[in-house]
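Per the numbering used here, the sequence shown runs over residues 298 to 476.
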Amino acid sequence: PYDWLIAALPSPQAADLLVDAPTLRSEALACPMVACWALMMRFDAPLPVSFDAAFVAGSSLTWIARNDSKPGRHPSACWVLHAAREWSDVRCEQTPEAVVAPMLAEFARVLGRAVSPATAQAHRWRYSGPVGKAEVPCLVDLTRRAGACGDWLAGARVEGAFQSAVALAERMISAGAPG
298 PYDWLIAALP SPQAADLLVD APTLRSEALA CPMVACWALM MRFDAPLPVS FDAAFVAGSS
358 LTWIARNDSK PGRHPSACWV LHAAREWSDV RCEQTPEAVV APMLAEFARV LGRAVSPATA
418 QAHRWRYSGP VGKAEVPCLV DLTRRAGACG DWLAGARVEG AFQSAVALAE RMISAGAPG
């Protein structure tokens, strides 16, 4: 027995857990998510660029960031790249090794200089964000005592996930769930 089932997962995974709450399951299935390839690179020396992070327009990359510029990070020269949704979608089932070279080539093009990282590792972030924004911040079935929350319901960032969880907690408490 349980008090509540809370699915704080990407919508496709939440749908898999909500089979006994068909309304919630169908709402989760109606919120598709997209993939994003990410590439982490470490360089032996800092890259001579004048920024720490940038949104990229007109590229197969959407985000580039010098990870070691963040407070408390290891001082080695590390960069993270995020590929565009469309680019990632076409290559979603490729191996990590297959996407490293094209992402490196595009990074070099964006910077206007050759890059040669000491290490580079790609990761497929299968459920990086929702296709759109849901009409409600959380899903609740009071009869079945089940709910779902996540960035796919309240915005594609960590703040959206937090807001969704708060909305779900408020709904549960107002319904008499232990606070």
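Think of the CB as a built atom: it goes at the ideal place given N, C-alpha and C, for glycine as much as any other residue. All of these numbers come straight from a predicted model, not from anything done at the bench.
The continuous stretches of beta strand (DSSP E) do not include Pro368, and DSSP gives it neither H nor E. With fewer than 16 other Cβ atoms from the protein chains shown falling within 10 Å of its own Cβ, Val428 counts as exposed.
Taking a contact to require three or more Cβ pairs closer than 8 Å, the stretch 360 to 376 and the stretch 424 to 439 do not qualify as touching. Excluding the 5 residues flanking it on each side, Ala332 has same chain C-beta neighbours closer than 7 Å at Ser385, Asp386, Cys389, Arg421, Trp422, Arg423, Ser425, in chain order. A check of alpha carbon separations from Gln310 across Asp349, Ile470, Ser323 identifies Ser323 as the nearest. In this structure, the alpha-carbon of Ala419 lies about 10 Å from that of Ala398.
Taking the C-beta atoms as reference points, Ala458 is found no nearer than 9 Å to Gly444.
Scanning Ala431, Ser373, Leu408 for the CA closest to the CA of Ser347 turns up Leu408.
Between Gly355 and Leu336, the alpha-carbon positions lie close to 18 Å from each other. Sequence-distant Cβ neighbours of Leu439 in its own chain, meaning closer than 6 Å and more than five residues away, are Ala472. In this structure, the beta-carbon distance from Ala305 to Leu315 does not fall below 9 Å. For Trp384, the uninterrupted alpha helix (DSSP H) run begins and ends at 382 to 387, by DSSP.
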